[in-house]
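Here's the structure, in structure tokens; my notes come after.
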Amino acid sequence: MQQQIRRCGAVAFAALRRVRHFPHPTVAAAAPPTAAWRRPCTPRLYSTADMSHQLPANLVQIMEQRMRLIEQKSAYLQEQINQPAASPEEYSRANKEFHKLESTIELIKELRSKQKEIEGLTSLVTNSVEEKDMREMAAEELLEAVEEEKRLQHELFRTLLPKDEADERDCILEVRAGTGGEEASLFAMDIFKMSGMRSIPKIMGGNLILLT
Numbered sequence: 001m002q003q004q005i006r007r008c009g010a011v012a013f014a015a016l017r018r019v020r021h022f023p024h025p026t027v028a029a030a031a032p033p034t035a036a037w038r039r040p041c042t043p044r045l046y047s048t049a050d051m052s053h054q055l056p057a058n059l060v061q062i063m064e065q066r067m068r069l070i071e072q073k074s075a076y077l078q079e080q081i082n083q084p085a086a087s088p089e090e091y092s093r094a095n096k097e098f099h100k101l102e103s104t105i106e107l108i109k110e111l112r113s114k115q116k117e118i119e120g121l122t123s124l125v126t127n128s129v130e131e132k133d134m135r136e137m138a139a140e141e142l143l144e145a146v147e148e149e150k151r152l153q154h155e156l157f158r159t160l161l162p163k164d165e166a167d168e169r170d171c172i173l174e175v176r177a178g179t180g181g182e183e184a185s186l187f188a189m190d191i192f193k194m195s196g197m198r199s200i201p202k203i204m205g206g207n208l209i210l211l212t
């Protein structure tokens, strides 16, 4: 009796293994297909390194608001500087803040002037009264003016980004060989050359302290 129970248990266990590893066709067909998960596509973000594309419309609107605030602040600071009754502390503070905005104000003036030029060229191109040669010449100048407007917008956008105090601080960048003897030293030298660190002193005004 015990042998029969063991034999039946072994047969049942083998059948269970077959069912687990090789499901019945009807069961497999009834199971709904599993959909593969895919990472949702995220919209392309703006990059300050790409200056060939037009800035997004919402970003241009935000820039326009910031530009107006900067122009108002610049006019207020000029009034403070030219005010005879201003104390030395007030004059020094207003003069310091005005000089911080000076480069940004110049960019804003260039952008405003270029936008007025684009408006004039656009009206000239769309004016059917003008001669064909004049319209074609205005169209070429319009393309150049639009590209210049893009460049000024990108440059102004980078100027309006928040400044990090760490950008003005010095740092020491070191490339050191790890364990591995002479091969590790050669690999570190290759990394040094590939990273362009030889040109860092010329670009960033740094100094090469030691090269061994």
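For the sequence shown, UniProt numbering assigns the number 1 to the initial residue and increments by one for each residue that follows. Don't be surprised by glycine CBs; every beta carbon is placed ideally from N, CA and C.
So, helix, strand or coil for residue i, using DSSP?
i	result
L173	coil
K163	coil
G120	helix
S128	coil
T104	helix
H53	coil
S87	coil
P40	Low local confidence applies: a pLDDT of 47 at P40 is under 50, so the model's placement there is unreliable, with the coordinate-based value given in what follows. Coil.
Report, in whole angstroms, the separation of the C-beta atoms of residue i and residue j, which I expect to be a contact under 8 Å.
i	j	result
V125	A139	5 Å
residue 219	L152	There is no way to answer for residue 219, as the model of the chain reaches only from 1 to 212.
Taking residue i as part of the alpha helix (DSSP H), name the residues at either end of that continuous run.
i	result
S185	182–194
S74	57–82
Meets three-Cβ-pair contact criterion under 8 Å: the segment 64–78 and the segment 105–119: yes
Stretch pair the segment 74–81 + the segment 92–101: three plus CB contacts closer than 8 Å: yes
Cβ pair count under 8 Å reaching 3, the segment 108–115 against the segment 126–137: no
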